[in-house]
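Residue numbers (our numbering), protein chains in the order written: chain A, 1 to 201; chain B, 202 to 388.
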């Protein structure tokens with residue numbers, strides 16, 4: 001049900017370590033926001049576009065992932081045209097699109113596992129302070145992936161129950177039962193986790 | 202944090218994912234379709250409280266960031282966070298926290314039903330609308346360059362829909378509170 005946005009591939013960008021890619025994203029966003037020059041922003045935009053579209057996604061798939069973002073960005077740019085000088089609007093447009101393209105490229109070339117390793121690394125300082133445990137983050141993430149299909153099945157069951165009784169399907173009458181039914185399982189699941197000693201408590 | 206709280210946080214994040222899979226409803230008198238997922242912030246704060254609600258949304262944003270298409274319409278990935286509305290997504294955790302704080306403060310057991318409704322509605326409006334826009338709109342303005350005032354006026358078209366969401370969240374939260382109260386057991 002939840003398939004990651006990772007795309008199988010062996011490009012040089014795929015092989016780059018996650019940390020390098022995330023740092024590059026950070027540096028790129030700082031650099032792009034520091035400059036107003038179209039001579040820097042236009043090549044940056046083209047480079048990011050080339051990078052993203054050369055990752056092995058078909059043009060359609062690639063566009064489907066970022067189309068809605070580009071739509072919002074273009075709408076905002078159209079509004080900006082009435083309020084700001086054209087050169088400034090062009091700079092804003094190129095900067096934001098370059099950033100979105102690069103971010104989409106990072107997402108498309110990094111597996112969930114690689115991201116999780118990085119998250120574990122980033123959580124470490126908090127772990128030392130005793131605020132959060134990296135193992136808990138992974139456990140919570142695993143629980144979400146495990147229970148989304150169950151909860152969706154429950155949603156469909158409630159929807160069928162509505163249909164069987166001839167009731168209109170409204171969010172209001174669905175959300176209440178869905179949440180109660182789901183959260184009622186919390187005790188059982190927590191007991192099962194503790195019984196297996198996953199959290200060593 | 203005990204295991205039960207951890208599980209509640211994870212289950213709620215999973216519920217928010219499922220809310221994103223429900224087809225959005227369009228209403229004649231509001232220009233933007235209403236997605237059930239955008240009610241998640243209000244529901245999280247009102248149902249599992251400030252701390253757990255905020256953590257559920259931190260977990261949800263983590264899912265978005267690591268490239269799972271969990272946002273409504275199958276969206277996700279770092280690109281969404283880098284885009285103009287990234288502030289709204291990052292603001293969800295804070296919004297859920299404030300919603301929870303207000304709900305914990307105003308809603309108690311043994312109150313008259315109407316006071317509980319008012320409490321949940323206030324919490325949803327303050328956390329899910331005021332706080333969320335206070336983060337999302339300046340962010341959008343900073344990222345897209347649209348002047349703050351224009352961005353703020355433009356967001357006004359979402360307000361009627363948001364008030365309706367707050368009303369639905371209020372009714373749902375109160376139903377859960379009556380059936381399976383979790384708000385008082387604070388994390």
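By construction, the Cβ of each residue, glycine as well, lies at the ideal position given by its N, Cα and C atoms.
- Relative to the Cα of residue 82 of chain A, the nearest Cα in the group B:310, B:279, B:348, B:322 belongs to B:348.
- Close CB contacts of residue 296 of chain B within its chain, under the 7 Å cut and outside five residues either way in sequence, are with 242, 328, 329, 332, 333 (chain order).
- Note on geometry: alpha-carbon atoms of residue 188 of chain A and residue 40 of chain A lie some 57 Å from one another.
- DSSP places residue 279 of chain B in the helix class (H, G or I) of the three-state scheme.
- Listed along chain A is no residue with a C-beta nearer than 9 Å to that of residue 364 of chain B; the closest approach is about 15 Å.
- Per DSSP, reduced to three states, the secondary structure at residue 249 of chain B is helical.
- Counting only Cβ-Cβ distances below 9 Å, residue 58 of chain A has no contacts in chain B at all, with the closest Cβ about 17 Å away.
- By the neighbour-count criterion, in which 16 or more other beta carbons inside 10 Å mark a residue as buried, residue 227 of chain B falls on the exposed side.
- Within 8 Å of the CB of residue 205 of chain B, the CB atoms of chain A belong to 186, 187, 190, in sequence order along the chain.
- Under the DSSP definition of a beta bridge, residue 272 of chain B partners with B:276.
- Sequence-distant Cβ neighbours of residue 77 of chain A in its own chain, meaning closer than 8 Å and more than five residues away, are 89, 92, 93.
- Between residue 300 of chain B and residue 250 of chain B, the C-beta spacing is not below 7 Å.
- By the rule that beta-carbons nearer than 7 Å mark a contact, residue 104 of chain A touches chain B.
- For residue 12 of chain A, the number of other beta carbons within 10 angstroms of its own is below 16, and it is reported as exposed.
- The secondary-structure analysis by DSSP pairs residue 235 of chain B across a beta bridge with B:226.
- With contacts defined as CB atoms closer than 7 Å, residue 369 of chain B and residue 172 of chain A qualify as a contacting pair.
- Using a Cβ-Cβ cut-off of 7 Å, residue 176 of chain A counts as an interface residue toward chain B, since at least one Cβ of chain B sits closer than that to its own.
- Among the CB atoms of chain B, one or more fall inside 7 Å of the CB of residue 6 of chain A.
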